[in-house]
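Take a look at the structure below.
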Amino acid sequence: FMWGFGMRYAITSGVLAAKSIMGEVDYEEEVRRRLLPLVKASATNRFLMNRMGDRGFKAVARYWMRDQKRSGDGLRFMRRIYEPGLLRRMVWPVARLAMLRRGASSDGRRHLRMPFRKALKRDIWEPSTEAIEVSEQWKKTQKKGAKTSFSSSDQ
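So the sequence shown is residues 738 to 892, counted in the numbering used here.
Right under this line is the structure:
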């Protein structure tokens, strides 16, 4: 998912799970009704963005910025992009075939998921010496029972 919408879906799913535990809603029904159309729109957007390349992505970003300057609200544009409208519903079958892989969970339920790609050279990195030092300092502080890594005087 682009621009953090996966986190939004995770939080919504958690809220629905809590409401289901309290007996207010049926989790499966609510996910299908509220989240599935949004996830389909997200996957379709990812499919379209993958096909557009860098130039297309830059064009969308420029349009988003112009729209934000004009309206004063960047979320309005994002709402339009992620609405499961007619275009996305038409593209969904192609996006589904091109991007998603079938799977089954241990309890027998079927699902579609985006496959993970193998790591690229840019994905593999080693922490710097400074990062390792901060990590060691954090571990020592934790072992002493502290809940924060630095005192307020260190900030």
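Note that CB positions come from ideal geometry on N, CA and C, so glycine has one too.
| query | result |
| --- | --- |
| For Gly840, three-class secondary structure by DSSP | strand |
| Where Arg769 falls: helix, strand or coil (DSSP) | helix |
| Cβ neighbour criterion (16 or more within 10 Å) applied to Ser843 | exposed |
| Those residues which DSSP pairs with Arg847 across a bridge | Ala841 |
| Beta-carbon spacing of Tyr819, Ala868 below 8 angstroms | no |
| Where Arg839 falls, given that 16 or more other Cβ within 10 Å makes a residue buried | exposed |
| Best match in Arg847, Met836, Ile861, Gly760 for proximity to Phe853 [C-alpha to C-alpha] | Met836 |
| Range of the contiguous alpha helix (DSSP H) that encloses Arg859 | Neither: Arg859 is in no alpha helix (DSSP H) and is coded neither H nor E. |
| Residue burial classification, Asp755 (beta-carbon count within 10 angstroms, cutoff 16) | The sequence as given places Ala at residue 755; Asp does not occur at that position. The residue is exposed, with fewer than 16 neighbouring Cβ atoms inside 10 Å. |
| Test item: CB-CB of Gln805 and Phe794 under 8 angstroms | no |
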